[in-house]
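**Q**
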Amino acid sequence: MNTALLSLALALSMIGPQDEGVVETRWPGGGLRERYEVDEAGAKHGEFVQFREDGSVAVTARYRGGKRQGRYAELGEEGELLLEAMYERGERSGYWRTYEDGVRTLSATYRKGVLDGRWEREEVDRSHRVKATYRRGVLDGRFTESRPEERWERSATYKKGELDGAAKIKVGNKVVSRRKWERGFLAQLDGRTPYPRRLNVLTEELAAARAVASDDPQDPISGDRQHALMRLKVYRALCGLHWRTITLDEKWNDLCDAASEVCQANGELDHTPEQPDGFDEGRYRQGYEGASHSNLANGGLARSVDMYMDDSDPSNIDRVGHRRWCLNPAMGKTGFGAAGSWAAMWSMDGSGPGTKDLDAVLYPPPGYLPLDLFGPRHAWSIQLVRGKAPATKEDIEVEVVRLNEYYQPRGEPLELDWKDINHGGYGGGPCVIFRPVDLQVRPGLRYGVKVSLDGGKSLAFDYLVEFVEAPGRD
Numbered sequence: 354m355n356t357a358l359l360s361l362a363l364a365l366s367m368i369g370p371q372d373e374g375v376v377e378t379r380w381p382g383g384g385l386r387e388r389y390e391v392d393e394a395g396a397k398h399g400e401f402v403q404f405r406e407d408g409s410v411a412v413t414a415r416y417r418g419g420k421r422q423g424r425y426a427e428l429g430e431e432g433e434l435l436l437e438a439m440y441e442r443g444e445r446s447g448y449w450r451t452y453e454d455g456v457r458t459l460s461a462t463y464r465k466g467v468l469d470g471r472w473e474r475e476e477v478d479r480s481h482r483v484k485a486t487y488r489r490g491v492l493d494g495r496f497t498e499s500r501p502e503e504r505w506e507r508s509a510t511y512k513k514g515e516l517d518g519a520a521k522i523k524v525g526n527k528v529v530s531r532r533k534w535e536r537g538f539l540a541q542l543d544g545r546t547p548y549p550r551r552l553n554v555l556t557e558e559l560a561a562a563r564a565v566a567s568d569d570p571q572d573p574i575s576g577d578r579q580h581a582l583m584r585l586k587v588y589r590a591l592c593g594l595h596w597r598t599i600t601l602d603e604k605w606n607d608l609c610d611a612a613s614e615v616c617q618a619n620g621e622l623d624h625t626p627e628q629p630d631g632f633d634e635g636r637y638r639q640g641y642e643g644a645s646h647s648n649l650a651n652g653g654l655a656r657s658v659d660m661y662m663d664d665s666d667p668s669n670i671d672r673v674g675h676r677r678w679c680l681n682p683a684m685g686k687t688g689f690g691a692a693g694s695w696a697a698m699w700s701m702d703g704s705g706p707g708t709k710d711l712d713a714v715l716y717p718p719p720g721y722l723p724l725d726l727f728g729p730r731h732a733w734s735i736q737l738v739r740g741k742a743p744a745t746k747e748d749i750e751v752e753v754v755r756l757n758e759y760y761q762p763r764g765e766p767l768e769l770d771w772k773d774i775n776h777g778g779y780g781g782g783p784c785v786i787f788r789p790v791d792l793q794v795r796p797g798l799r800y801g802v803k804v805s806l807d808g809g810k811s812l813a814f815d816y817l818v819e820f821v822e823a824p825g826r827d
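Residue numbers (my numbering): 354 to 827.
(1) Measuring CB atoms only, is the stretch 631-643 touching the stretch 667-683, in the sense that at least three cross pairs come out at less than 8 Å?
(2) In this structure, does DSSP put residue 471 in helix, strand or coil?
(3) When you compare only the Cα positions, how much space is there between residue 424 and residue 389?
(4) What do you get for residue 480, buried or exposed, if any count of 16 or more other CB atoms within 10 angstroms of its CB means buried?
(5) When the distance is taken between beta carbons, is residue 592 closer than 7 Å to residue 680?
(6) Out of 647, 782, 793, state which residue places its alpha-carbon closest to the alpha-carbon of residue 766.
(7) Whether or not the stretch 612-630 and the stretch 730-739 are in contact is what I'm after, with contact meaning three or more pairs of Cβ atoms, one per stretch, closer than 8 Å; do they touch?
(8) Would you decide whether residue 671 is buried or exposed? Buried here means 16 or more other CB atoms lie within 10 Å of its CB.
(9) In three-state DSSP terms, what is residue 355?
(10) May I have a chain-ordered list of the alpha helix (DSSP H) segments no shorter than 4 residues that lie completely inside the stretch 515-577?
(11) In this structure, how does DSSP classify residue 662 when only helix, strand and coil are distinguished?
(12) Taking Cβ to Cβ, would you say residue 823 is nearer than 7 Å to residue 715?
(13) Considering only their Cβ atoms, is the gap separating residue 542 from residue 721 smaller than 7 Å?
(14) Spatial neighbours of residue 357 within its chain, please: CB distance less than 7 Å, with the 5 preceding and 5 following residues excluded, ordered by chain position.
(15) Check residue 761 in the structure and name its three-state DSSP category.
(16) Do you know how far the Cα of residue 488 is from the Cα of residue 441?
(17) Where does residue 579 land, buried or exposed, given buried means 16+ other C-beta within 10 angstroms?
(18) Does the separation of the CB atoms of residue 768 and residue 803 fall below 7 Å?
(19) Distance check for residue 602 and residue 705, CA to CA, integer angstroms please.
(20) Identify every run of the beta strand (DSSP E) within the stretch 575-603, keeping only runs that are complete inside it and at least 3 residues long; order them along the chain.
(21) What does a CB cutoff of less than 8 Å around residue 458 pick up in its chain, not counting 5 residues either side in sequence?
(22) Using the C-alpha atoms, what's the distance from residue 646 back to residue 684?
(23) Using the beta-carbon count (16 or more within 10 Å), is residue 532 buried or exposed?
(24) Please state whether the Cβ-Cβ distance between residue 594 and residue 682 is less than 7 Å.
(25) Is residue 589 buried or exposed, if buried means 16 or more other CB atoms sit within 10 Å of its CB?
(26) Residue ranges of each beta strand (DSSP E) run of no fewer than 3 residues wholly in the stretch 374-406, ordered along the chain?
(27) How many Å lie between residue 625 and residue 737 at the Cα?
(28) Give the single residue among 433, 428, 437, 776 whose Cα lies nearest to the Cα of residue 422.
(29) Taking its Cβ as the centre, do 16 or more other Cβ atoms sit within 10 Å of residue 777, making it buried, or is it exposed?
(30) Comparing alpha-carbon positions, which option in 639, 433, 400 lies nearest residue 419?
(31) Grab me the residues of residue 364's own chain with a C-beta within less than 6 Å of its C-beta, minus the 5 sequence neighbours each way, in chain order.
(32) Please report the residue range of the beta strand (DSSP E) in which residue 414 lies.
(33) Residues bridged to residue 794 by DSSP?
(34) Out of 471, 504, 386, which one is the CA nearest neighbour of residue 490?
(35) By a C-beta neighbour count over all protein chains shown, 10 Å radius and 16 as the cutoff for buried, is residue 431 buried or exposed?
(36) Tell me, please, which residues DSSP counts as bridged to residue 706.
Structural data, given as structure tokens:
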């Protein structure tokens, strides 16, 4: 007797001859599809068998009062066990096991329909194993994940569904990474703080920075000025610089308007512009003063700060000077002006609180990074506030590597198409500038960054950057 006929015979023997308490359903071709017992109310009660069109048994189960009760099993076409489980009053209760090619791939325990107890999963080739404990439907207790062939193991602890406490990764007998979780937040990673601010804290601060002040009805470009100021505040908040008290200076607004007018008249961006033909002498002098103290752009005032923060085109990447003025720690106020698409931002101010407790200004900074504040071809910069700067670019070693879900390197470090140092000026001290090739910018992607300033003898910076969703466009 073949397997299908044997399965059919076994299933029918569980029920016996058809009578009034037995219901049969059939496939369109006439073959038996289901056979089960019912009680006086017509609800399933007793043995249940489901067949495939070829006659092989697909499911066996028991019911009581219309609800699954006892053992439930799913079988393959050759009669092999695919799933077995226990039910009580229609809910999963007891073991739940799945199989593939005769190998148990999942073993779990349920109580009253929710996971509660040991949980184990294993690939059919035994290359990947996970062991955990659930309580009332959430992970709670020791958790281990391993790849035996690689001698790789990750161990951690969950509390009420969140990673919490010490965790580590081992390869063989060697611990290659240690971390500490606090209620689902990665607080420590191999001796460093990977996220200086929790995502909700950063999100709230950036939301506050994104608030745009009301327009001045007496100023026709007030809206663009306020938008530019808002973007400046957002970048400074992202980089951990003071931003809340930065204001617009009306005099500087006017000088920036004049600078934009001169640039527009000359048709070029110039910090020391010539007087345009027929241009008013007094206004030209104001424009010269504004241009010589400002970032300049051609692309509209509202988006000018984003252009300054990019600063990665061939004529600017060697110093990223516009960006460094935007992130000048000593800034206390500024001004914005425009004439058509020509724009200016007063940059040279030192009335702010300065560099107290600040060793460097990093862009992008360590931690979470919204997608609207950085692009894949942006240069990375580290403006040094304190400490010894490298004399030449040969002293600088940079590694930018993508990290996997376990915060471990995934593949080789990215190549760099730029690496240099620019000394002094532009709102602060020396600035290390580098740019990785083939950087991917998507939510959830994270990169580890290591920078040495002494030829690899020591690490000056060791941090992590993780991209997150951007809010609605400002």
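We treat Cβ as the ideally placed atom computed from N, Cα and C, and that holds for glycine.
**A** Taking the geometry as given:
(1) Contact fails: fewer than three Cβ-Cβ distances are below 8 Å.
(2) Counting from one through the sequence shown, the residue named residue 471 turns up at place 118. For residue 471, the three-state secondary structure derived from DSSP is strand.
(3) Position 71 of the sequence shown, counted from the start, is the residue given in the question as residue 424. Position 36 of the sequence shown, counted from the start, is the residue given in the question as residue 389. Answer to the nearest angstrom: the Cα atoms are 15 Å apart.
(4) As a first step, residue 480 must be located in the sequence shown, where it is residue number 127. By the 10 Å Cβ count, residue 480 comes out exposed.
(5) On the sequence shown, position 327 is the one that residue 680 refers to. On the sequence shown, position 239 is the one that residue 592 refers to. Going by C-beta atoms, residue 680 is nearer than 7 Å to residue 592.
(6) Along the sequence shown, read from residue 1 onward, the residue named residue 766 stands at position 413. Looking only at 647, 782, 793, the smallest Cα-Cα distance to residue 766 is reached by 793.
(7) Not touching, per the Cβ criterion.
(8) By one-based count along the sequence shown, residue 671 stands at place 318. Residue 671 should be labelled exposed.
(9) As a working note, residue 355 is residue 2 in the sequence shown. Reliability of the predicted coordinates at residue 355 is poor, the pLDDT of 40 falling under 50, and the value obtained from them is presented with this limitation in mind. If DSSP states are grouped into helix, strand and coil, residue 355 belongs with coil.
(10) Taking only runs of at least 4 residues, the alpha helix (DSSP H) segments lying wholly in the stretch 515-577 are 552-562.
(11) For the purposes of this step, residue 662 is taken as residue 309 along the sequence shown, with counting starting at 1. Reduced to three states, the DSSP call for residue 662 is helix.
(12) The residue given as residue 823 occupies position 470 in the sequence shown. The residue given as residue 715 occupies position 362 in the sequence shown. It is not a contact, given that the beta carbons lie outside the stated cut-off.
(13) The count along the sequence shown starts at 1 and reaches residue 721 at position 368. The count along the sequence shown starts at 1 and reaches residue 542 at position 189. The answer is no: Cβ separation not under 7 Å.
(14) The residue labelled residue 357 in the question sits at position 4 within the sequence shown. Its pLDDT being 39, under 50, residue 357 is placed unreliably by the model, and nothing is read from it.
(15) One-based indexing of the sequence shown puts residue 761 at position 408. Residue 761: coil per DSSP, three-state reduction.
(16) If you number the sequence shown from 1, residue 441 lands on position 88. If you number the sequence shown from 1, residue 488 lands on position 135. Separation of residue 441 and residue 488 (C-alpha to C-alpha, rounded to the nearest whole angstrom) is 18 Å.
(17) To locate residue 579, count along the sequence shown from 1; it is residue 226. Buried is the call here.
(18) In the sequence shown, counting from the first residue as 1, residue 768 sits at position 415. In the sequence shown, counting from the first residue as 1, residue 803 sits at position 450. Residue 768 places its beta carbon 7 Å or farther from that of residue 803.
(19) Residue numbering aside, residue 705 sits at position 352 when the sequence shown is read from its first letter. Residue numbering aside, residue 602 sits at position 249 when the sequence shown is read from its first letter. Whole-angstrom Cα-Cα distance: 14 Å.
(20) List check, beta strand (DSSP E) in window: nothing returned.
(21) The residue you call residue 458 lines up with position 105 of the sequence shown. The beta carbon of residue 458 is closer than 8 Å to those of 451, 452, 474, 475, 476, 477 in its chain, skipping five residues each way along the sequence.
(22) The sequence position of residue 684 within the sequence shown is 331, counting from 1. The sequence position of residue 646 within the sequence shown is 293, counting from 1. Their Cα atoms are separated by approximately 13 Å.
(23) The residue you call residue 532 lines up with position 179 of the sequence shown. By the 10 Å Cβ count, residue 532 comes out buried.
(24) Here residue 594 corresponds to residue number 241 of the sequence shown, with the count starting at 1. Here residue 682 corresponds to residue number 329 of the sequence shown, with the count starting at 1. Cβ atoms of residue 594 and residue 682: closer than 7 Å.
(25) Sequence index remark: in the sequence shown, residue 589 carries index 236 (1-based). Residue 589 should be labelled buried.
(26) If we require 3 residues or more, the beta strand (DSSP E) runs fully inside the stretch 374-406 come out as 375-379, 385-391, 397-404.
(27) Against the sequence shown, residue 625 aligns to sequence position 272. Against the sequence shown, residue 737 aligns to sequence position 384. Rounded to whole angstroms, residue 625 to residue 737 spans 28 Å at the Cα level.
(28) As a first step, residue 422 must be located in the sequence shown, where it is residue number 69. With distances taken between Cα atoms, residue 422 lies closest to 437.
(29) Residue numbering aside, residue 777 sits at position 424 when the sequence shown is read from its first letter. With fewer than 16 other Cβ atoms within 10 Å, it is exposed.
(30) On the sequence shown, residue 419 is found 66 positions in, with the first residue counted as 1. It is 400 whose Cα lies nearest to the Cα of residue 419.
(31) Sequence index remark: in the sequence shown, residue 364 carries index 11 (1-based). Its pLDDT being 44, under 50, residue 364 is placed unreliably in this model, and the value from its coordinates should be taken loosely. Here the set comprises 402, 410.
(32) As a working mapping, residue 414 is identified with position 61 in the sequence shown. Taken as a continuous stretch (DSSP letters only), the beta strand (DSSP E) holding residue 414 covers 410-417.
(33) As a working note, residue 794 is residue 441 in the sequence shown. When beta bridges are read from the DSSP output, residue 794 appears opposite no residue.
(34) For the purposes of this step, residue 490 is identified with residue 137 of the sequence shown, where counting begins at 1. Nearest of 471, 504, 386 to residue 490, Cα basis: 471.
(35) Within the sequence shown, numbered from 1, the residue matching residue 431 stands at position 78. When all chains shown are included, residue 431 counts as exposed.
(36) Residue numbering aside, residue 706 sits at position 353 when the sequence shown is read from its first letter. In the DSSP output, where bridge partners are listed per residue, residue 706 has none listed.
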